[in-house]
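Q:
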Amino acid sequence: ARVTLVHRGVAVKETVKYWVKPDLENRLAEGSIAARFGARVVRFSSGGVEIEAAGGRATLPADAAYVLIGYRPATSLLERAGVRVDPESAVPRFDPATGETDVPGLYVAGTVRAGRETQRIFIENSRDHGEQVVAHLAARLRRSAVPV
Numbered sequence: 013a014r015v016t017l018v019h020r021g022v023a024v025k026e027t028v029k030y031w032v033k034p035d036l037e038n039r040l041a042e043g044s045i046a047a048r049f050g051a052r053v054v055r056f057s058s059g060g061v062e063i064e065a066a067g068g069r070a071t072l073p074a075d076a077a078y079v080l081i082g083y084r085p086a087t088s089l090l091e092r093a094g095v096r097v098d099p100e101s102a103v104p105r106f107d108p109a110t111g112e113t114d115v116p117g118l119y120v121a122g123t124v125r126a127g128r129e130t131q132r133i134f135i136e137n138s139r140d141h142g143e144q145v146v147a148h149l150a151a152r153l154r155r156s157a158v159p160v
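Using the numbering used here, read the sequence shown as starting at 13 and increasing by one per residue.
(1) Helix, strand or coil for Pro104, going by three-state DSSP, please let me know.
(2) With DSSP as the reference, label Leu17 as helix, strand or coil.
(3) Please return the same chain residues whose Cβ sits closer than 6 Å to the Cβ of Gln144, not counting the five positions on each side in sequence.
(4) To which residues does DSSP link Ser57 through a beta bridge?
(5) Exposed or buried, what is Val146 when buried is set at 16 or more other beta-carbons lying within 10 Å of its beta-carbon?
(6) How would you call Phe106, buried or exposed, if buried means at least 16 neighbouring beta carbons within 10 angstroms?
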């Protein structure tokens, strides 16, 4: 299969996940993946994908296209619950040691802790989030337990 990456930016962003970026850049450098940077998709047709860049329009032949438009975390549930969320980064306010948000008893774990800063938290470095939450809840329960 021949692959062409069409990207509005001038290069692969620094925020691309650390294990993807070098591989992608190597494939681009060796030519096994073509790239059209500074371009945008105008339309899809049976003849391919029409793109537009500074040099004008072109149609790239294509049997298939994957539309990857980015990632925006859904924060509306947290906001409705009263958690303060930074409007720029979409990072909720929480204690990094416990995962508890600024709403007592409401916790965040996993990538939601990073908001739009997707290069910060992923599966490999968030495996302990569940343990943090459980440890904090257990300590809270022990403190509130009434001896029998």
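All C-beta atoms in this analysis are idealised placements derived from N, C-alpha and C, irrespective of residue type, glycine included.
Source: prediction; values computed, not measured.
A: To lay it out plainly:
(1) Translated into the one-based positions of the sequence shown, residue 104 becomes position 92. Pro104: strand per DSSP, three-state reduction.
(2) Against the sequence shown, residue 17 aligns to sequence position 5. Here Leu17 carries a strand assignment [DSSP, helix/strand/coil].
(3) As a first step, residue 144 is located in the sequence shown; it is residue number 132 there, counting from the start. Contacts found: Thr110 and Gly111.
(4) For the purposes of this step, residue 57 is identified with residue 45 of the sequence shown, where counting begins at 1. For Ser57, which the question treats as bridged, DSSP gives the partners Gly60.
(5) For the purposes of this step, residue 146 is taken as the residue at position 134 of the sequence shown. When all chains shown are included, Val146 counts as exposed.
(6) Looking up residue 106 in the sequence shown gives position 94. It counts as buried.
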